[in-house]
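Asks: Here my numbering is used: the first residue of the sequence shown is 26, the next is one more, and so on.
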Amino acid sequence: MKAFIIHLNDWAEGERRLRFHADLEFFQEFDNTEILDADVNVEARVVKKGREKVEADLHLSGTVSVLCTRCLEPLEVHVDQAPAEVFTPGENPDWDLSQAVYDYVCLSLPLQRVHPEGACNPDTVRFLSHEERGDEEAGAKNSPFAALKGLFDSK
Ligand SMILES: [Zn+2]
26 MKAFIIHLND
36 WAEGERRLRF
46 HADLEFFQEF
56 DNTEILDADV
66 NVEARVVKKG
76 REKVEADLHL
86 SGTVSVLCTR
96 CLEPLEVHVD
106 QAPAEVFTPG
116 ENPDWDLSQA
126 VYDYVCLSLP
136 LQRVHPEGAC
146 NPDTVRFLSH
156 EERGDEEAGA
166 KNSPFAALKG
176 LFDSK
């Protein structure tokens with residue numbers, strides 16, 4: 026597994042800058058099936074303050090692809106997160122930041138996973154919704170009643 030692990034044993038106090046790339050394989054290791062593709066760069070400014078405390082300022086930037094719930098085509102989501110993490114080494118000299126990176130990317134995913142208006146694959150949308158129309162709200166289009174509404178609205 027390609028994990029983002031910082032080995033703390035071999036360096037004294039001070040600051041280091043590390044880079045990590047989270048690709049599709051990384052997310053598959055977490056048994057994630059929602060993410061279809063991933064290209065996320067992680068920059069970490071890691072500060073070791075003695076044996077007791079290590080801090081990391083992370084910057085996650087890039088894109089992941091998930092399924093658009095309206096047209097079932099890949100939807101690209103931009104990731105831009107700058108969280109800070111703290112680690113107490115204790116007996117463990119390795120700091121695994123994989124879970125944190127994974128969690129922050131998942132937090133970036135929107136609840137409404139739909140393309141902007143007009144950007145969906147029109148063929149799939151037509152097929153899936155029987156040419157539903159008129160709804161302004163993306164949320165309404167995702168409800169199971171949207172298709173019914175479309176039926177009633179058509180003359
Ligand atoms: Zn779409």
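Glycine included, each C-beta is placed from N, C-alpha and C at the ideal position.
Per DSSP, what kind of secondary structure is L33 in: helix, strand or coil?
Replies: coil
Asks: Taking the straight line between their C-alpha atoms, what separation do you get for T94 and E50?
Replies: 23 Å
Asks: Short check: CB of D64 to CB of V89, under 9 Å?
Replies: yes
Asks: Tell me the rounded alpha-carbon separation between F112 and R41.
Replies: 15 Å
Asks: Any contact of the region 140-149 with the region 57-72, i.e. 3+ C-beta pairs under 8 Å?
Replies: no
Asks: Could you tell me the alpha carbon to alpha carbon distance between H32 and E98, rounded to whole angstroms?
Replies: Counting only the Cα atoms, E98 lies some 40 Å from H32.
Asks: As a quick exercise: from C96, K74, S123, pick the residue whose alpha carbon is nearest that of H46.
Replies: S123
Asks: Would you mind working out which of A125, K78, R151, A37 sits nearest F52, comparing C-alpha positions?
Replies: A125
Asks: Which ranges does the beta strand (DSSP E) cover as unbroken runs of at least 3 residues, wholly within the region 51-85, from first to last along the chain?
Replies: 62-74
Asks: Among the residues of its own chain, which have a CB less than 7 Å from the CB of V150, if the five just before and after it don't count?
Replies: Excluding residues within five positions, the ones whose Cβ falls inside 7 Å are R95, C96.
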